[in-house]
Amino acid sequence: MRTSLAIPALCVCVLIGGLVGYGGAQATTDAEAESQLVKSVIDQMIKAVNSGDLKLLLAQYADDAKIDSRAAGAKVSKPVYAQVMSRTFQQGIILSTSYSGLKISPVDATHAVAGGTLHVNLKGGGGFAWRHEWKLEKRDGRWLIVETNYT
10 MRTSLAIPAL
20 CVCVLIGGLV
30 GYGGAQATTD
40 AEAESQLVKS
50 VIDQMIKAVN
60 SGDLKLLLAQ
70 YADDAKIDSR
80 AAGAKVSKPV
90 YAQVMSRTFQ
100 QGIILSTSYS
110 GLKISPVDAT
120 HAVAGGTLHV
130 NLKGGGGFAW
140 RHEWKLEKRD
150 GRWLIVETNY
160 T
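Next up, the structure:
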């Protein structure tokens, strides 16, 4: 009798262990998927700057975002940033933008921080590369940049 009870108990332990293990794997997969979604926001922002697409650029930012902008010379609101970047695109000042060393750090289910080096090549051969930080929030199921900082 003991043998027949031990086998079901062993099966239950294996099943529970498998479910716990699966849950951990699922959490890792979800975190990786969310990190990819955060990265795609940064990628879309870079794509927008490189193509001079103001609408696409602004779509990556929350309406209440605080944007540390070298072009504006200050941390500005989204409407001010829109004006500055519209002029910047019209003047063709930025030749290309990219990033390197991007690291995404989830804070919780609706907050993440992305950091890396932002490279901007300017018309006339100048440019800069500075450490940059993007703070993002998930709002209505979509990741948006809510704050940026040069560090």
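Numbering (this note's numbering), first residue to last: 10 to 160.
Don't be surprised by glycine CBs; every beta carbon is placed ideally from N, CA and C.
Quantities reported herein were computed from a predicted structural model and do not represent experimental measurements.
Strand pairing of residue i, partner residues [DSSP]
i: residue 125; result: 141
i: residue 157; result: 143
i: residue 106; result: 129
i: residue 136; result: 130
i: residue 149; result: According to DSSP, residue 149 bridges with nothing at all.
Own chain residues within Cβ distance below 8 Å of residue i, not counting five before or after
i: residue 27; result: The predicted position of residue 27 is uncertain, since its pLDDT is 42 and thus under 50; a value taken from the coordinates is nonetheless stated next. Taken in chain order, the list of residues that qualify is empty.
Neighbourhood of residue i by C-beta distance below 7 Å, restricted to the same chain and skipping five residues each side
i: residue 131; result: 102, 103, 104
Counted within 10 angstroms of its Cβ, other Cβ atoms place residue i as buried (16 or more) or exposed
i: residue 42; result: exposed
i: residue 83; result: exposed
i: residue 31; result: Low confidence applies to residue 31: its pLDDT is 46, below 50, so where it sits in the model is not reliable, and the reading given next is rough at best. Exposed, by the Cβ-count rule.
i: residue 97; result: buried
i: residue 60; result: exposed
i: residue 92; result: exposed
i: residue 69; result: buried
i: residue 112; result: exposed
i: residue 144; result: buried
Cβ neighbours of residue i in the same chain (closer than 6 Å, five flanking residues each side left out)
i: residue 136; result: 129, 130
i: residue 65; result: 57
Every unbroken beta strand (DSSP E) within the region 27–101, with a cutoff of 3 residues, ordered by chain:
Uninterrupted beta strand (DSSP E) stretches at least 3 residues long and entirely within the region 27–101 occur at 70–78, 83–86, given in chain order.
Counting pairs of beta carbons, one from the region 114–129 and one from the region 81–90, are three or more of them closer than 8 Å?
Too few Cβ pairs lie closer than 8 Å, so no.
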